[in-house]
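Since the structure comes first, as structure tokens, the remarks are kept for the end.
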DNA sequence: AAAAATAACTTGCATTTTGCAATACGTGAG
DNA sequence: CTCACGTATTGCAAAATGCAAGTTATTTTT
């Protein structure tokens, strides 16, 4: 969890974004929470891309420090923790949506998943509202 | 240029995006071209964040391989190369815009630059059209 | 209240990537 | 035909990643 702590103080908003979530895993964790409805460490570990446990811990700590996720005890499973998005985290929704749209337009691999892309094309506003609500 | 070549074949559009431009430098190069109007290797090297020359070469090659930028001789300076965005590259505009908006809302550091953010707030569509045109 | 089970972390180590400085290559101008 | 400019490569130390194994903390079970 060192790379992303080195915030480049250029003042540029793109740089700020990259320093906050511009790595190979952070947005994937956001996806797990926002789109796939995942909430716990063990659920994140099961993600298709196979994140390593040490990296996952580092990224969750980073996201917490950035005020993007909040950690609390799960009231329904007293030994688990729940990670939830803050407003700052939910505000990432439009970025995720634009990434999905871009990939939907340009990922021509045969196994590219288009389900969410099509849903967004049909009703982008509704999709974003649903994302933020969850 | 190794990290991003390992495309994780999960089919997920977020993953595709991250594998294509999800690192500390790639979107910064896109910013240089799209927002700051830079075109050459030496101009990119001068960017505020100070990218190393070996990383820059690697990222440019990667972007070319991904069909996001096109390299050609500069007709006005016959020993320079010009890097320009393809349609796939220009289509990244909405992602950049959403990152700028998000940072505009959440970067509270005193030296955060808000100029572009304000411009987008005033006329987002116009801003995007201008970006893509350049 | 001890043992087992579950969930969340940590550690050690090999590998990969980064960052930085120095150097080399290629092209065109004088 | 050499010099300057623009682009690109190399070598090496430092840092981050990926993986497997181990640890801690809490809760359920007996």
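Chains as they are written, first to last, in the working numbering: chain A, 1 to 134; chain B, 1001 to 1134.
Here a beta-carbon is modelled for each residue, glycine too, at the ideal position from N, C-alpha and C.
Go ahead and pull the three-state DSSP assignment for residue i.
i                       : result
residue 1111 of chain B : coil
residue 1002 of chain B : Bear in mind that a pLDDT of 47 at residue 1002 of chain B, under 50, signals an unreliable position, so the model cannot answer this.
residue 34 of chain A   : helix
residue 1124 of chain B : helix
residue 48 of chain A   : coil
residue 130 of chain A  : helix
residue 90 of chain A   : helix
residue 118 of chain A  : helix
So with CB distances below 8 Å, who are the chain B contacts of residue i?
i                      : result
residue 116 of chain A : 1013
residue 121 of chain A : Going along chain B, no residue has its Cβ under 8 Å from residue 121 of chain A, so there is no contact; the nearest lies around 12 Å.
Which residues mark the beginning and the end of the beta strand (DSSP E) in which residue i is found?
i                      : result
residue 148 of chain A : Only positions 1 to 134 of chain A appear in the structure, and residue 148 of chain A is not among them; the question remains open.
residue 82 of chain A  : 81 to 85
Enumerate in chain order the residues of its own chain whose CB-to-CB distance from residue i is below 7 Å, with the five nearest sequence positions on each side excluded.
i                       : result
residue 1003 of chain B : Here the model assigns residue 1003 of chain B a pLDDT of 45, short of 50, so the residue's position is not dependable, and the following value carries that caveat. For residue 1003 of chain B, where only same-chain residues beyond five positions count, the Cβ hits under 7 Å are 1023.
Taking Cβ positions, are residue i and residue j nearer each other than 8 Å?
i                       : j                       : result
residue 1031 of chain B : residue 1096 of chain B : yes
residue 106 of chain A  : residue 1091 of chain B : yes
residue 1085 of chain B : residue 1100 of chain B : no
residue 155 of chain A  : residue 1116 of chain B : There is simply no residue 155 of chain A to check, as chain A begins at 1 and stops at 134 in what is shown.
residue 1131 of chain B : residue 1051 of chain B : no
residue 1017 of chain B : residue 102 of chain A  : yes
residue 25 of chain A   : residue 79 of chain A   : no
residue 49 of chain A   : residue 28 of chain A   : yes
residue 125 of chain A  : residue 1098 of chain B : no
Residues of chain A with a CB under 7 Å from the CB of residue i: which are they?
i                       : result
residue 1017 of chain B : 99, 102 and 103
residue 1010 of chain B : 48 and 49
residue 1131 of chain B : Ordered by position in chain A, no residue passes the 7 Å Cβ test against residue 1131 of chain B, which lies about 12 Å from the chain.
Which chain A residues are close to residue i, counting only those with a beta carbon under 8 Å from its beta carbon?
i                       : result
residue 1127 of chain B : Residues of chain A passing the Cβ test: none, with the nearest at roughly 13 Å.
residue 1022 of chain B : 22, 23, 24 and 27
residue 1096 of chain B : 14
residue 1039 of chain B : Within 8 Å Cβ-Cβ: nothing; residue 1039 of chain B doesn't reach chain A, min ~18 Å.
residue 1111 of chain B : 9 and 11
Counting along the chain, where does the alpha helix (DSSP H) carrying residue i start and finish?
i                       : result
residue 1059 of chain B : 1053 to 1065
residue 40 of chain A   : That residue, residue 40 of chain A, is in no alpha helix (DSSP H); it is neither H nor E in DSSP.
residue 104 of chain A  : 93 to 106
residue 19 of chain A   : 13 to 21
Keeping to the same chain, check which residues put their C-beta closer than 6 Å to that of residue i; ignore five residues upstream and five downstream.
i                       : result
residue 1015 of chain B : 1008
residue 93 of chain A   : 128, 131 and 132
Given that residue i touches chain B, what residues does it touch there, using C-beta distances under 9 Å?
i                     : result
residue 62 of chain A : Per Cβ cutoff of 9 Å: no residues; residue 62 of chain A is ~14 Å from chain B at best.
residue 88 of chain A : 1102, 1105 and 1106
Excluding the five sequence neighbours on either side, which residues of its own chain have a C-beta within less than 8 Å of the C-beta of residue i, listed in chain order?
i                       : result
residue 1082 of chain B : 1039, 1040, 1071, 1072, 1073 and 1074
residue 66 of chain A   : 20 and 88
Just the chain A side, please: which residues come within less than 9 Å of residue i by C-beta, in chain order?
i                       : result
residue 1045 of chain B : Chain A residues near residue 1045 of chain B: none, gap ~15 Å exceeds 9 Å.
residue 1092 of chain B : 98 and 102
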